[in-house]
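Using numbering that gives the first Met the number 0, you'd call the opening residue of the sequence shown number 0 and step up by one each time. For each residue, glycine too, the CB sits at the ideal point set by N, CA and C. Report on one structure; see the data block that follows.
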Amino acid sequence: MNTLAILRAAGAALVLSVLAPAARATDGGPRILVSFTAQAHAQPVTGRVYVAISRDADKPPIEEADVTGVPLFGHDVAALTPGQVVAIDASDFGAPLASLRQLPAGDYWMQPFVNVYTEFKRADGHTVWLHMDQWEGQDWKHSPGNLYGKPVKVHYDPAAPTPLHLIADQVIAPIPFPKDTPQVKRFRIQSKLLSAWWGHPIYLGATVLLPKDYDKHPGMRYPVIYEQGHFSTAAPGGFDRPKSGFRDYWLADGTPRYIMVSLQHPSPYYDDSYAVNSANEGPYDDAIHQELLPEIARRFRTIEQPWARILEGGSTGGWITVAQTVFHPAFYGGAFASCPDALDFRYHQVVNIYDDANAYWIDKGWVKVERVDMRQPDGNIKAMMKDENWYELAVGDHDRSGGQWDIWESAFGPVGADGYPQRLWNKRSGDIDHAVAEYWKQHFDLRYLLQTHWPELGPKLADKLHIYVGDMDTYNLNMGVREMDAFLHSARDPAFGGSITYQPMAPHCWGPRGKELIEDITHYIDSHAPADADLKSWRY
């Protein structure tokens, strides 16, 4: 059925059965109607419907929706059937415009989109609806199975008696699993632990970069570097990027031979789980260590000794690198973390979640000063704290945006009465819930946990932590590093033997990469491996 026929059929149904729900509580206010076709999706949809609005046709409006991008408005739907119309109206929250009432009359490009949710009946007794990752990295704009319509140019008049009607008649195609090459191997497995907890199949994966001449040395075992970070099936270290220079270094004579592995553990909340056992996400830490890492060891010839297991990562991966060392201090031999997310929640970027009253504003009495979210090294501001949080709220309530602030609540926070994460702060107002902050502190404030348990943890990891950060980090993450630094360099019995390195004027995400990182790791292994470790055979 073509679009014109769909519009005519939808018009007849609209008069009889759709106008009532579409006109909910608008009192004749501005509305944009959205539906999807049976050809795109034959079954009812529970999820979230969007409209993105742009003044130009440079890109599809959905692609331009972002923290400081074009207006995006969303509305939750339950069991919406093909052809049924739902209204996005002035009561639906949007960003950067909070309401359709703020959109002036004019000519725009508009695009509809439908984010399809999956029902999860979890082992903790809660049932939740979230977007199931399709091995795209929890990227709702490009997730296979989600629906969209092509951008259309329209004249929008909030006072017009007949609302606009946009139709999502396209479906995003599945993503082919990348093919192996002689140097790069990939696999994914269904996690028994996570699938049982979520009541739905959940997958973990790995992308493995093999050393030069791996196949020519069938009896050789190698140290392994685990790369943590955002979801990606690209080869570790930038091996597949032609201009990075890392491929040439990796295959050159004289390069130490490692197996390098990037781990994939997307969750229904984000493109990675933060690799922790979480009240909202389930036992990801257990699944990684009891299922994924043993599978890597079974398939590839890794040296299964602590000195030969090295962690590295940046940003999200930087936090995971430090966290897994704290939670598994005897398992890993060393950790190299660049620009890690907040290591101390007294600086959750710039928010002290324990003492501050509000995440978005500092109340000075006569004026409220906004908190910064992103900055440039020269001090110019890219976005404020409220902007990113409000954009996430427009994308999805109940921490369903797939965004950064929402995953922190999902990974670090307690479960709310409705089964969704309990908010650290009110997403609209920014008011902080200090009871939730205390939960974060006791479970995932890494500086607090290290300081509290140093007599036990210190002897196991005092030399293992190596942290790098730019002193003008875009997200002010250098301040959490400095709080961790202050504790570590005051620690005694044992004293801290690792390193923390700052780069003046460097933004997010500064730290060693490629050849420099491999050389740092090799120097560390040479100086910290036990006396009986084989440090020679894998250097051919």
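- Per DSSP, I224 is one residue of the beta strand (DSSP E) stretching across 223-227.
- Judged by pairs of C-beta atoms under 8 Å, the stretch 305-313 does not touch the stretch 433-453, as fewer than three such pairs exist.
- In this structure, DSSP gives Q169 an extended state, which the three-state scheme calls strand.
- Collapsing the DSSP output to three states places K385 in a helix.
- DSSP lists Y221 as the bridge partner or partners of T301.
- For P29, no beta strand (DSSP E) segment is defined, and its DSSP state is neither H nor E.
- Secondary-structure assignment with DSSP links N475 through no beta bridge to anything.
- In this structure W196 is buried. Its beta-carbon is surrounded by 16 or more other beta-carbon atoms within 10 angstroms.
- When the five nearest sequence neighbours on each side are left out, the beta carbons in the same chain lying within less than 6 Å of the beta carbon of P157 are those of P29, in order along the chain.
- A contact between stretches requires three or more CB pairs, one per stretch, nearer than 8 Å, and the stretch 267-282 meets this requirement with the stretch 181-196.
- Taking all protein chains shown into account, E303 has fewer than 16 neighbouring C-beta atoms within 10 Å of its C-beta and is therefore exposed.
- Around the C-beta of T500, fewer than 16 other C-beta atoms lie within 10 Å, and the residue is accordingly described as exposed.
- The beta carbon of A37 sits closer than 6 Å to the beta carbons of P81 from its chain, once the five residues preceding and following it are set aside; these are given in chain order.
- With fewer than 16 other Cβ atoms from the protein chains shown falling within 10 Å of its own Cβ, A251 counts as exposed.
- As summarised for the stretch 114-186, the continuous beta strand (DSSP E) elements at least 3 residues long and confined to that stretch are 117-120, 126-129, 151-155, 163-167, given in chain order.
- Nearest to R538 by C-alpha distance, out of W389, A97, Y221, is Y221.
- Excluding residues up to 5 positions away in sequence, L102, A104, G105, Y107, L163 lie with their Cβ nearer than 7 Å to the Cβ of Y155 in the same chain.
- Burial is judged here by how many other beta carbons sit within 10 angstroms of a residue's own beta carbon; I380 has fewer than 16 and is exposed.
- Straight across, the Cα-Cα distance linking Q227 with T67 is about 28 Å.
- For T254, no alpha helix (DSSP H) run applies, since DSSP gives it neither H nor E.
- Contact annotation: the stretch 481-493 touches the stretch 443-453, with at least three C-beta pairs closer than 8 Å.
- Counting C-beta pairs closer than 8 Å gives fewer than three between the stretch 362-381 and the stretch 510-521, which falls short of the contact rule.
- The three-state secondary structure of R100, taken from DSSP, is helix.
- CA-CA distance, K184 to R298, rounds to 10 Å.
- Only exposed fits Q189, as fewer than 16 other CB atoms lie within 10 angstroms of its CB.
- Annotation: the continuous alpha helix (DSSP H) that includes E515 extends over 513-527.
- Rounded to whole angstroms, the separation of the alpha carbons of V115 and P43 is 10 Å.
- Under the DSSP assignment, H433 falls in the alpha helix (DSSP H) whose first and last residues are 433-443.
- With a 10 Å radius around the Cβ and a threshold of 16 neighbouring Cβ atoms, A77 comes out exposed.
- Within the stretch 39-99, the complete alpha helix (DSSP H) runs of at least 4 residues fall at 60-63.
- Beta-bridge pairing by DSSP links F335 to E311, H465.
- If you look at Y539, you'll find it isn't in any beta strand (DSSP E); DSSP assigns it neither H nor E.
- A contact is defined here as three or more CB-CB pairs under 8 Å, and the stretch 452-467 fails this definition with respect to the stretch 415-429.
- Under the three-state reduction of DSSP, F112 is assigned to strand.
- Distance from the CA of T324 to the CA of F230, rounded to the nearest whole angstrom, comes to 20 Å.
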